[in-house]
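Data block below; observations after.
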Amino acid sequence: MTPAGPDFANLTIETLLPHRGRMLLVDEILEVDDRQATALSVVREDWPLFKDGFCNPLILIELVAQTSGIHNGLTRLKERGAGEDNGGWLVGVKQAVFHTAAIALGKRITTTAKNAFVFDDLREIAGSATIDGAIAAEVTLQVMEAK
1 MTPAGPDFAN LTIETLLPHR GRMLLVDEIL EVDDRQATAL SVVREDWPLF KDGFCNPLIL
61 IELVAQTSGI HNGLTRLKER GAGEDNGGWL VGVKQAVFHT AAIALGKRIT TTAKNAFVFD
121 DLREIAGSAT IDGAIAAEVT LQVMEAK
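Structure below.
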């Protein structure tokens with residue numbers, strides 16, 4: 001996904017997220033705009049919380065957080081340009097409701113995240129994760145921008 005404009009010609013997931021190696025869980029940005037982001041991830045054996053062929057659904061919290069990072073990272077780039085090194089960090093999981101007990105290897109997970117509330121440097125993120133078209137988790141996060 002590459003938004004229009006010369007500043008975004010080389011935009012990648014790594015441009016928007018600080019995660020690397022086995023902690024970079026998002027495989028593809030499906031959609032991102034001023035309102036929200038949607039991403040795709042495929043369960044791998046090297047993921048945190050993966051054991052005996054399955055991943056613990058707690059990983060869906062991190063997937064929503066990374067999807068939020070994509071959205072808010074793009075927003076920050078649009079507002080401030082590429083030179084500034086600001087990141088966000090998770091300060092709270094306000095709510096997480098899981099509709100699955102385990103996630104099998106190779107499953108494709110689609111996550112969506114949007115800013116439900118913004119005040120100064122604090123954001124409340126409303127997110128969801130789906131697997132095979134069914135809701136796997138509904139997550140509300142609180143994120144504070146580091147300065």
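Residue numbering for the sequence shown follows the working numbering, beginning at 1 and increasing consecutively. We treat Cβ as the ideally placed atom computed from N, Cα and C, and that holds for glycine.
- Contact check for Lys-107 and Ala-126: beta-carbon distance about 23 Å, past the 8 Å limit, so the pair fails to qualify.
- Annotation: the stretch 62-135 contains no complete segment of the alpha helix (DSSP H) (minimum length 4 residues).
- In its chain, beyond the 5 residues on either side, Asp-34 have a beta carbon closer than 8 Å to the beta carbon of Thr-75.
- Taking the C-beta atoms as reference points, Ile-13 is found nearer than 8 Å to Ile-70.
- Cβ atoms of Pro-57 and Ala-136 come within 8 Å of each other, at about 7 Å.
- Glu-31 sits in a strand when the DSSP states are folded into three classes.
- Less than 8 Å divides the Cβ of Leu-16 from the Cβ of Gly-73.
- In the DSSP assignment, Ala-146 forms no beta bridge with any residue.
- Nearest to Val-32 by alpha-carbon distance, out of Leu-11, Leu-90, Met-144, Trp-89, is Leu-11.
- For a cut-off of 8 Å, the C-beta gap from Leu-49 to Thr-111 is around 15 Å, too long to register as a contact.
- Residue pairing by DSSP places Leu-141 opposite Val-93, Ile-125 in a beta bridge.
- With fewer than 16 neighbouring CB atoms inside 10 Å of its own CB, Arg-22 falls in the exposed class.
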